[in-house]
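**Q** Okay, handing you the structure first.
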Amino acid sequence: MAAAAGRLRTAFVSGPLAVRGFRLLLTGQIASTLGDYCYAVALPWLILSGHGGTVLLGTVLACYGIPRVVTIPLGGMVADRFGGRRVMLVADAVRAVAVGALAVLASTGTPTLAQLAPIAVVLGAGAGMFIPSSYTVLPALLAKDDLGRGNALSTMVNQFGGLLGPAAGGALVASFGAWPALAVDAASFAVSAAALFRMRSRPDPDGAVDAGPAEGAGTGSPGPSFAQLLRKGRLLHVVLVVALICNLAYSGTIEVALPDFAHERLGAAGYGVLLTCLSLGGLGGSLLAARSRTVQSPARLFAALAVVMGIALAVTPYVGGLVGAAVSLCLYAAASGWQNIVAVTMLQVWSPPALIGRVMSLVMLAVMGTFPISVAVAGFGVHHLGAAPFFPVAGAAIAFAVLAALTQKAFRGYHAGGEYAPPPTSPSPDADPPPPAADAPATPPPAPVPPPAPAADPPHTAAPAGPAAPDVPPEAPAAPAAAGTPPVPVAADAAAKRLSGGSPRAGGEAAEAGPGVRSARSGPAPGTQALRSTHPWHDSSQESQA
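Numbering-wise, numbering that gives the first Met the number 0 puts 523 at position 524 of the sequence shown, and it's gapless, one number per residue.
Listed below in structure tokens is the structure:
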């Protein structure tokens, strides 16, 4: 007990929890997660108990889901331009008002589609703006060495909320009706907004600032554009392909094949046990990630965890009923929870600070865009082939995708802390020659030296010639020689300035950029909310629970 208390005290002295902004972030996050699960229970209950039916429920959820997907790219761009914290703050404040209005409507009866649809659109758009912005906060709050543990703690908070939130929401709805649960969700958005508001700029040793826009956003400072990153960022290409394949394999298996398997063999209680094991396994994986040290080759750890995931998922229907399936899914979820944190941290560190929001919005689109395709294919396949074959197929696809990624040098050779660097380009034969190196000698070449220098000797030899003496005083040639020929230092000074200004980060351009330019890793970035799922990049963020 004393050892545990000592570790807790140490956590608040060093590491992520020692940062006030990170503690505020976790406070708002746990409140928002609990509120979202209350909403997830209350909204369907409100509509179905008011005889609205499944058609109305599906329509309202579509009004939420479509704006969310559409606004995700916009959220990434706005977060990179104005700072993720500001975007999150506005999104939470707007959603607090929207859910509060819904709670008022619910207290007077069952709202109609004309009332529910606009509120759902606002909530969906707010979620779409919030999701990519949430990944642009942690890198500005935490040092690189603490970023992985910060993501792990953030994920653990969400998973604790996932364990407690549904029970709390169900108890509220059962005891008092839907509107009090909706009011709790509105209050949770307000708490999250207040926590974000209290987060202030905190310069760290690298000059990072937690509340401002990303480095290079609107400052004209040098850095790759998003288009350049899309063309040349090989690591991003690999991660996107892996995310697409893994989510195509995962979503249909867990959302369609697993319920059908449980329905046929284990019953409703058994299905509940399997879902609980997924949550507990994900929590265990996050705990392992939080306690682990920084890995020098995160991509290889990512691949090793994928192999564990693939094997565990593949054997789920074949290992002896409920107990075997529960153990295999728990192992799968633990490996996946750890892998998810590795992936998010790797992308946050690798991405240029001014582009983190857009990079993460692209990954989120890959995650969410595959969901309808995966569940549709799984529904058709399970109907004709049964549920069990889907598990080994999905496990093999996940393992194969990540092992294939290891054949790519950009992925295989990635090391902890590595940042994006554009690949070298071959100079065009028609291009101008490069400027001289900054360390070239600044002394002027012999050519600019003026000719008066040789005239310093004739006065000594021509002195006996009487008439010439008055025309060329002996002192006159000595002055230019002693002064070192004044025109030469002027030329040398200009040449030295040209040489010293050759690098955009030394002298010229850096000075022109102004004092607002921050260090290379100072931009705001990752997320208040690492992906909260039992699968890497799976679409189960707290907003998706609606």
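Idealized CB from N, CA, C, for every residue including glycine. These numbers were taken from a predicted model, which means no experiment stands behind them.
1) When the distance is taken between beta carbons, is V89 closer than 8 Å to A78?
2) May I have the straight-line CA-CA distance separating I65 from S291, to the nearest angstrom?
3) Quick one: what does DSSP say S191 is sitting in, helix, strand or coil?
4) S370: buried (16+ other C-beta within 10 angstroms of its C-beta) or exposed?
5) R411 to L141, Cα distance in whole Å?
6) Just the C-alpha distance for G51 and T107, rounded to the nearest angstrom, thanks.
7) My guess is that W349 and L234 are in contact by the Cβ rule of under 8 Å, so how many angstroms apart are they, rounded?
8) Once you ignore the five residues that flank V18 on each side, which residues in its own chain have a CB closer than 7 Å to its CB?
9) So is E511 buried or exposed if we call it buried at 16+ other beta carbons inside 10 Å?
10) Do G27 and A186 have their C-beta atoms closer together than 8 Å?
11) Is D91 near S174, with beta carbons less than 8 Å apart?
12) So, are the CB atoms of V40 and V172 less than 8 Å apart?
13) Under a Cβ-count criterion, where at least 16 other Cβ atoms within 10 Å of its own Cβ denotes burial, should L384 be classed as buried or exposed?
14) My output table needs one value for Q295: the three-state DSSP class, helix, strand or coil.
15) Compare the beta carbon distance of P43 and L55 with 8 Å and say whether it is the shorter of the two.
16) 8 Å is my cut-off, CB to CB: does F390 come that close to chain C?
17) According to DSSP, simplified to helix, strand and coil, what is T111?
18) Using a Cβ distance threshold of 8 Å, determine whether the segment 264–275 contacts the segment 393–404, with at least three qualifying pairs required.
19) Quick one: measure Cβ to Cβ for L137 and L33, integer angstroms, because I've assumed they're closer than 8 Å.
20) Between the alpha carbons of D35 and F129, how many angstroms are there, rounded?
21) So Q338 packs on M308, CB below 8 Å; how close in whole Å?
**A** This is what the structure gives:
1) no
2) 38 Å
3) helix
4) It is Phe, not Ser, that sits at residue 370 in the sequence shown. Buried, by the Cβ-count rule.
5) 26 Å
6) 15 Å
7) 6 Å
8) L140 and L141
9) Residue placement at E511 cannot be trusted, given a pLDDT of 30 that sits under 50; what the coordinates show is reported in the next sentence. That one is exposed.
10) no
11) no
12) yes
13) exposed
14) coil
15) no
16) Although the question refers to chain C, the structure presented lacks it and comprises just one protein chain.
17) coil
18) no
19) About 21 Å separates the two Cβ atoms, so there is no contact after all.
20) 14 Å
21) 7 Å
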